[in-house]
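Trainee: Under the UniProt record's numbering, think of the first position of the sequence shown as 2, with each following residue one higher.
Beta carbons are placed, not taken as given, at the ideal position from N, Cα and C, and that holds for glycine.
Note that this is a predicted model, so its numbers are computed, not measured.
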Amino acid sequence: TRHLLSIDDVTAEEIQQLFETAAEMHDVQRREVKKLPALRGRTVINLFFEDSTRTRSSFEIAGKWLSADVINLSAKGSSASKGESLRDTVLTVTAMGVDGLVIRHSASGAAHQVAQWVDVPVVNAGDGMHEHPTQALLDAYTLQRHFGAGSVERGALEGRRIAIVGDLTHSRVFRSNVKSLAKLGAEVVAVAPPTLMPSGVGEWAKADGFATSYDLDEVLPEVDGVMMLRVQRERMSGGYFPSPREYTVGYGLTRDRLRRLDEGVPILHPGPMNRGLEISADAADAVGSVVLDQVSAGVAIRMSVLYHLLAGEETL
Ligand code: CP
Numbered sequence: 002t003r004h005l006l007s008i009d010d011v012t013a014e015e016i017q018q019l020f021e022t023a024a025e026m027h028d029v030q031r032r033e034v035k036k037l038p039a040l041r042g043r044t045v046i047n048l049f050f051e052d053s054t055r056t057r058s059s060f061e062i063a064g065k066w067l068s069a070d071v072i073n074l075s076a077k078g079s080s081a082s083k084g085e086s087l088r089d090t091v092l093t094v095t096a097m098g099v100d101g102l103v104i105r106h107s108a109s110g111a112a113h114q115v116a117q118w119v120d121v122p123v124v125n126a127g128d129g130m131h132e133h134p135t136q137a138l139l140d141a142y143t144l145q146r147h148f149g150a151g152s153v154e155r156g157a158l159e160g161r162r163i164a165i166v167g168d169l170t171h172s173r174v175f176r177s178n179v180k181s182l183a184k185l186g187a188e189v190v191a192v193a194p195p196t197l198m199p200s201g202v203g204e205w206a207k208a209d210g211f212a213t214s215y216d217l218d219e220v221l222p223e224v225d226g227v228m229m230l231r232v233q234r235e236r237m238s239g240g241y242f243p244s245p246r247e248y249t250v251g252y253g254l255t256r257d258r259l260r261r262l263d264e265g266v267p268i269l270h271p272g273p274m275n276r277g278l279e280i281s282a283d284a285a286d287a288v289g290s291v292v293l294d295q296v297s298a299g300v301a302i303r304m305s306v307l308y309h310l311l312a313g314e315e316t317l
């Protein structure tokens, strides 16, 4: 059974194939075609043990526009709140006959564990601080379309310098993005304050071929794209350092930094945004902001992923 648990699960060629299908799915999204029958008769369950706005609703829309029956289950309101284990929850829903599972969980590795318990495709919708592969795919797809003037032209990311800035220690979006952007030939520079740079990043950066920096002002004049990541206060049990004020001064995409940024540089943020902390309202709403393009791409990418995993053809 094929799963999407990590960007390690897909080759550069498969990512390109997913992008080309996603581009076709945009027709459905533009409502030129109301629905595709591809997953008629299939049932997909969204199991969300951690909160979500974008990922959960876009997986639901994606499944429905492919004519699948979609069920949503979250920890609140399910028997997980009574202490039922993840394994019992997963085995219970698969015994009902679901054809695919989409799972978000606060524990790193949860999706991998679930994939060992079931014999239907599992999609990782974010597992703790580990990976968020569909987010990375939609980010790369957004950038590829941006640099390819609307097409998903192969090679459009080749040699582009992309800064990923923020709370990298806690970011599954960062961990998935360094892999997918490297596969597509982009040059990533990871920027964070020393306290929010993952430990052992030096060896990791060497292995995965990305650069690191503590100095956002030095990096910004040289980038083709900038991805701002959320400060994840909910994962900071040991306190909050630097302070919000210090963080914004050193690492926020402030109005002043926006003014110095080349106009053609796309600004990404996976959301939810802490406006005024890692990104100013001016930057979030700037002409160069592609934040809502990312959201829109999320539906097309998730349609593509569900189609390739569940349509019953050897397409991925
Ligand atoms: N980007 C992202 O995963 O957003 P949600 O947490 O709202 O799904």
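1. Less than 8 Å between the beta carbons of Glu-132 and Arg-176, yes or no?
2. Once you ignore the five residues that flank Val-45 on each side, which residues in its own chain have a CB closer than 8 Å to its CB?
3. Between the C-alpha atoms of residue 1 and Val-192, what's the straight-line distance to the nearest angstrom?
4. Report yes or no: do the region 70-90 and the region 40-54 share at least 3 C-beta pairs separated by less than 8 Å?
5. If you draw a straight line from the alpha carbon of Glu-154 to that of Met-304, how long is it in whole angstroms?
6. Would you check whether ligand 1 has a heavy atom nearer than 7 Å to the C-beta of His-171?
7. Around the Cβ of Ser-281, are there at least 16 other Cβ atoms within 10 angstroms (buried) or fewer (exposed)?
8. By the three-class DSSP mapping on this structure, what secondary structure does Ser-297 have?
9. Measuring only from the beta carbon, is Pro-233 closer than 7 Å to any heavy atom that is part of ligand 1?
10. Please state whether the Cβ-Cβ distance between residue 402 and Asn-178 is less than 8 Å.
11. If you follow the beta strand (DSSP E) that Thr-44 is in, where does it begin and where does it stop?
12. Which residues mark the beginning and the end of the beta strand (DSSP E) in which Ser-75 is found?
13. Along the chain, where does the alpha helix (DSSP H) that runs through Ala-183 open and close?
14. Taking the alpha helix (DSSP H) that Ala-23 falls in, what are its first and last residues?
15. Checking the sheet assignment: what are the DSSP bridge partners for Ala-191?
16. Does the count of Cβ pairs from the region 109-124 and the region 154-170 closer than 8 Å reach three?
17. Excluding the 5 residues preceding and the 5 following Ala-81 in the sequence, name in chain order all residues of the same chain whose CB lies nearer than 7 Å to its CB.
18. With H, G and I counted as helix, E and B as strand and the rest as coil, what does DSSP make of His-106?
19. Select from Val-119, Glu-21, Arg-3, Ser-58 the residue whose C-alpha is nearest the C-alpha of Val-300.
20. Whose CA, out of Gln-145, Ile-268, Ile-165, Pro-271, lies closest to the CA of Pro-194?
21. Taking C-alpha atoms, which residue in Thr-22, Gly-84, Asn-275 lies nearest to Glu-235?
22. Who are the near neighbours of Val-119 in its chain, counting only those whose CB is closer than 7 Å to its CB and skipping five residues on each side?
23. Exposed or buried, Pro-222, counting other C-beta atoms within 10 Å across all chains shown (16 or more means buried)?
24. Could you tell me which of Thr-135, Met-229, Val-288 sits nearest to Pro-273, measuring between CA atoms?
Mentor: A quick look at the data gives this:
1. In this structure, Glu-132 places its C-beta atom within 8 Å of the C-beta atom of Arg-176.
2. The beta carbon of Val-45 lies closer than 8 Å to those of Phe-60, Gly-64, Ala-69, Asp-70, Val-71, Ile-72, Val-99, Asp-100, Gly-101, Leu-102, Val-103, Leu-307, Leu-311 in the same chain, with the five residues before and after it left out.
3. Residue coverage of the chain in this structure runs from 2 to 317, which leaves residue 1 outside it and unanswerable.
4. Yes, since at least three Cβ pairs between the region 70-90 and the region 40-54 fall closer than 8 Å, the two stretches touch.
5. One alpha carbon belongs to Glu-154, the other to Met-304, and they sit about 19 Å apart.
6. Answer for His-171: no, Cβ out of range of ligand 1.
7. Ser-281 comes out buried.
8. Under the three-state reduction of DSSP output, Ser-297 falls in the helix class.
9. Rather than Pro, the amino acid found at residue 233 in this sequence is Gln. Taken from the Cβ of Gln-233, every heavy atom of ligand 1 lies 7 Å or farther away.
10. Lying outside 2 to 317, the shown extent of the chain, residue 402 is not represented and no answer is given.
11. For Thr-44, the enclosing beta strand (DSSP E) stretches over residues 44-49.
12. Here the beta strand (DSSP E) through Ser-75 covers 70-75.
13. Run containing Ala-183: 173-184, per the alpha helix (DSSP H) assignment.
14. Going by DSSP, Ala-23 is part of the alpha helix (DSSP H) stretching over 13-30.
15. Partner(s): Ile-165, Thr-213.
16. Because the criterion of three Cβ pairs below 8 Å is not met, the region 109-124 and the region 154-170 do not touch.
17. Counting only Cβ-Cβ distances below 7 Å, and skipping sequence neighbours, we find Phe-50, Thr-90.
18. His-106: strand per DSSP, three-state reduction.
19. When only C-alpha atoms are compared, the closest one is Ser-58.
20. The shortest CA-to-CA distance from Pro-194 to any of Gln-145, Ile-268, Ile-165, Pro-271 is the one to Ile-165.
21. Checked all of Thr-22, Gly-84, Asn-275; the closest Cα to Glu-235 is Asn-275.
22. Excluding positions up to five away in sequence, the list reads Val-91, Thr-95, Leu-102.
23. Under this definition Pro-222 is an exposed residue.
24. Per the Cα distances, Met-229.
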